[in-house]
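In this note's numbering, the protein residues as written are 10 to 368. Structure, as structure tokens:
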């Protein structure tokens, strides 16, 4: 963060000669105020003054959080100048993670998400660094491109299509590694702040993760957004986000009909809980549910039938008439008879300690 850590940035700048860096303002969003640099002379206004002045009234102005005389705070990141391109266009991914508790840390990952594309062909030409349309994928930036493709597609692509693309061009193993690495980024980012977060059992948070892929299909974390925007600009985008919010409300269990042991609720899959990481069953073709087919309708239907049968069982035991109606409307099935952890016709999900010892 500059200007506070300007000298630290200078040291990193010298280690990566010829690299490009991206400057992001701390207090703004939607791509506002972002620019690229490749010379220290371009950010001289963030360089701390070398002329020391005695503090007034015995108070150092640098210790005053309300001091607004200096330059705006910016985050500096090394620019990934070899991103994965599709059709010559740069893109990043917006994925969603829901945290229902920090003590113990409980994380659900949504199967859906989307890629945000630039509407301009990507180039690292040093003379064209000010053309942010080819470097930033924010919808707020791309909607001004004037391209007909934006009006047709919203510059978005479902993450399921990206997974299929990677499987076709790089193979199943690479696609699995990529998705597993993305989930690892989510887990480690939350573990890194777990001890400083105020935990309230009545609170939750859904985060929007922005992930960039390089040419080696390695994911890079760009930023984590609290209260991410849910504005939709296409029908498919609206359907995905509507289902996302519906699943959030189901998972929060305001009506208190879940047991807390469910591994999938709608489009959300349990990713991490109390030091254990969850994934598809051993031997599955895909080792991550991220980007897989979203079977939220069937899963919610099965969950509803299970709960209806259980409520009917309780009512029958108490002799209430609604118990007979529930039994008629939701007859006993193998899925209803089993625990809501998993349908018994499917193998159990993989569960293992994470992070692994020594890593």
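We put the CB at the ideal spot given by N, CA and C, even for glycine. Small disclaimer: the values here were computed from a predicted structure and weren't measured.
Delimiting residues of the alpha helix (DSSP H) encompassing residue i
| i | result |
| --- | --- |
| residue 287 | Here residue 287 belongs to no alpha helix (DSSP H); instead the beta strand (DSSP E) covers 285-288. |
| residue 197 | 181-200 |
| residue 321 | 305-327 |
| residue 23 | 15-24 |
| residue 258 | 244-261 |
| residue 149 | 148-151 |
Anticipated Cβ contact below 8 Å, residue i with residue j, distance rounded
| i | j | result |
| --- | --- | --- |
| residue 246 | residue 44 | In fact, because the Cβ distance is near 28 Å, the residues do not count as touching under 8 Å. |
| residue 218 | residue 195 | 6 Å |
| residue 83 | residue 35 | 7 Å |
| residue 359 | residue 291 | 5 Å |
| residue 112 | residue 208 | 4 Å |
| residue 298 | residue 56 | Contact doesn't hold; Cβ gap of about 47 Å is too wide. |
| residue 213 | residue 261 | 6 Å |
N- and C-terminal bounds of the beta strand (DSSP E) containing residue i
| i | result |
| --- | --- |
| residue 229 | 228-235 |
| residue 41 | Segment: none, residue 41 is in no beta strand (DSSP E) and carries neither H nor E. |
| residue 361 | 359-362 |
| residue 165 | 165-167 |
Residue i and residue j closer than 8 Å at C-beta
| i | j | result |
| --- | --- | --- |
| residue 277 | residue 118 | yes |
| residue 100 | residue 146 | yes |
| residue 286 | residue 294 | no |
| residue 168 | residue 252 | no |
| residue 42 | residue 149 | no |
| residue 87 | residue 50 | no |
| residue 257 | residue 107 | yes |
| residue 174 | residue 263 | no |
| residue 97 | residue 130 | yes |
| residue 128 | residue 159 | yes |
| residue 89 | residue 18 | no |
| residue 215 | residue 361 | no |
| residue 243 | residue 163 | yes |
| residue 231 | residue 222 | no |
| residue 210 | residue 58 | no |
| residue 11 | residue 46 | no |
| residue 363 | residue 316 | no |
| residue 157 | residue 142 | no |
One or two residues paired with residue i in a DSSP bridge
| i | result |
| --- | --- |
| residue 88 | None; residue 88 has no bridge partner. |
| residue 98 | 95, 130 |
| residue 135 | Looking at the DSSP assignment, residue 135 forms no beta bridge with any residue, so it has no partner. |
| residue 218 | 104, 233 |
| residue 32 | 44, 85 |
| residue 277 | 119, 274 |
| residue 124 | 102, 166 |
| residue 223 | 92 |
| residue 297 | According to DSSP, which records beta bridges pairwise, residue 297 is partnered with nothing at all. |
| residue 114 | 111 |
| residue 11 | 83 |
| residue 172 | Note: residue 172 sits in no beta bridge, so no partner. |
| residue 282 | 115, 285 |
Cβ of residue i within 8 Å of any chain D Cβ
| i | result |
| --- | --- |
| residue 13 | In the displayed structure, chain D is absent; only one protein chain is listed. |
Heavy atom of the ligand SAM within 7 Å of residue i beta-carbon
| i | result |
| --- | --- |
| residue 111 | Absence of the ligand SAM from the depicted structure is noted, as is the absence of any ligand whatsoever, leaving it without description. |
Exercise. Is there contact between the stretch 253-273 and the stretch 321-328, where contact requires at least three CB pairs shorter than 8 Å?
Worked result: Too few Cβ pairs lie closer than 8 Å, so no.
Exercise. Looking at C-beta atoms only, is the number of pairs between the stretch 201-216 and the stretch 303-321 that lie closer than 8 Å three or more?
Worked result: no
For this session: Taking 8 Å as the threshold, find out whether the stretch 177-193 comes into contact with the stretch 225-243 through three or more Cβ pairs.
Result: yes
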